[in-house]
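Residue numbers for the sequence shown follow our numbering, beginning at 5 and rising by one.
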Amino acid sequence: MPSTSSALEHYVCACCSSILDDNAGFCHKCQTPVSLSQSVAIQGGGHTFISVLGASNAGKTVYLGLLLDILSSGTEEFRGTAASSFSVDLQEYVVTELEKRSFPEKTPSEADSWQWLHSKVSMTDKKGTRTADLVSPDFAGEAIAMEMSRPGLYPAVAHVVRRSSGILILCDSVRVRDQGAGEDLFAVKLATYIAENHEMYGDSFKRQGKGPSVAVVFTKCDACPEAMDDPAAFAANNAPRLHDFCQQTFRRIEFFAAGIAGCTGVLADCRGWQTRVPLHIQPHGVLEPLRWILASRG
Ligand SMILES: Nc1nc2c(ncn2[C@@H]2O[C@H](COP(=O)(O)OP(=O)(O)OP(=O)(O)O)[C@@H](O)[C@H]2O)c(=O)[nH]1
Ligand SMILES: [Mg+2]
Ligand SMILES: [Zn+2]
């Protein structure tokens, strides 16, 4: 039975394929946790990186936590099981917070405190049963923004984006509707960053069908029913720059709306500090983007 350290000599990073040759907790090149690479290597099979990007406060942590929870109690048609115990941490944290009628804390910017998920997903449709290992970090929105403006500050972001065959861009539907160009332009920056990192240049690239499947997900649609009714039309009307850029650039692009909280309220403490809290949990549209990404891989 090899010791952990000698076994590690044979592992490569699941994200950037660097050799993991020491006992460090993270890949020296891309900051992926070694425990994740071990879990992927031990379980074998192909794995699919799916990354979730979005501005700070877009709803990434809440979405990912609930996605894991819904997948874990799914049906034979679409289900996901945690591939190792660290995968349950994010689910546990988000579900516990929501049960307490509060939202999770903002994700810290330090890469070593990000939670990763690794779930074995199986999906059955007309084409048969497909399986994939879903691997994704819960990035901090601020780290994504900083990496886009000064590449190299958070190498994990670039490596994970390059490695991902499916990418979800989360946009706050309420901000898109009420605050105009800011959210639209940030999302365009994200889409451009994805295209750059997948070296998507020129029409021939698109015709060859290369590049990731990109799902734009308007979050918090419980507070924005317009996004829920017709997400593509909502994008065209309220985030026209993002809509047009994505249609022109990506071969596989689709628009979705998702919401976790059935409704929210604002609590004020004795000093007047206000906090938004979920009054009840009624997930909507959480699985659809993932289902589409897995199906669009063919
Ligand atoms: N109405 C409503 N509000 C939501 C929902 N999901 C998240 N929110 C609100 O959005 C806030 C941010 O959600 P997070 O999931 O922490 O956002 P994030 O993208 O992870 O943000 P960073 O960690 O800063 O990158 C929450 O504190 C809630 O106030 C939802 O489904 N409905
Ligand atoms: Mg977060
Ligand atoms: Zn790596």
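We treat Cβ as the ideally placed atom computed from N, Cα and C, and that holds for glycine.
- With a cutoff of 8 Å on beta-carbon distance, Pro293 and Leu172 are scored as near each other.
- Taking 7 Å as the cut-off, the C-beta of Thr65 does not count as close to any heavy atom of ligand 3.
- Put simply, the backbone Cα of Met152 is about 11 Å away from that of Ala59.
- Under the three-state reduction of DSSP, Val290 is assigned to coil, being neither helix nor strand.
- If you draw a straight line from the Cα of Ser55 to the Cα of Gly69, it is about 14 Å long.
- Separation of Met232 and Asp25 (C-alpha to C-alpha, rounded to the nearest whole angstrom) is 48 Å.
- For the pair Arg83 and Val281, the CB atoms are not nearer than the 8 Å cut-off.
- Taken in chain order, the complete alpha helix (DSSP H) segments of 4 residues or longer contained in the region 61 to 102 are 64 to 76.
- Counted as a single uninterrupted DSSP element, the stretch harbouring Gly184 is not any alpha helix (DSSP H), since DSSP gives it neither H nor E.
- Counting the other CB atoms within 10 Å of its CB gives Ile46 a total below 16, which places it among the exposed residues.
- In this structure, the alpha-carbon of Pro216 lies about 17 Å from that of Cys20.
- Distances from the CB of Thr111 to the heavy atoms of ligand 2 include at least one below 7 Å.
- Between Val270 and Thr279, the alpha-carbon positions lie close to 5 Å from each other.
- Each of Phe249, Ala219 and Phe259 was checked against the Cα of Ala236, and the nearest Cα belongs to Phe259.
- For Ala199, the secondary structure class from DSSP, reduced to helix, strand or coil, is helix.
- For Phe254, DSSP records no beta bridge to any residue.
- Residue pairing for Arg280: DSSP places it in a beta bridge opposite Val270.
- Taking the Cβ of Asp226 as the reference point, at least one heavy atom of ligand 1 falls within a distance shorter than 7 Å.
- Per the CB criterion, closer than 5 Å to any heavy atom of ligand 3, the qualifying residues run in chain order as Cys17, Cys19, Cys20, Ser22, Cys31, Lys33, Cys34 and Thr36.
- Linking Phe249 to Glu187 through their CA atoms gives a straight-line distance of about 14 Å.
- Beyond the five residues adjoining it in sequence on each side, Gly63 comes within less than 7 Å, by CB distance, of Leu174, Asp176, Thr223 and Lys224 in the same chain, given in chain order.
- Residue environment for Asn241: exposed (fewer than 16 other C-beta atoms within 10 angstroms of its C-beta).
- A straight line joining the alpha-carbon of Leu246 with that of Asn27 spans about 42 Å.
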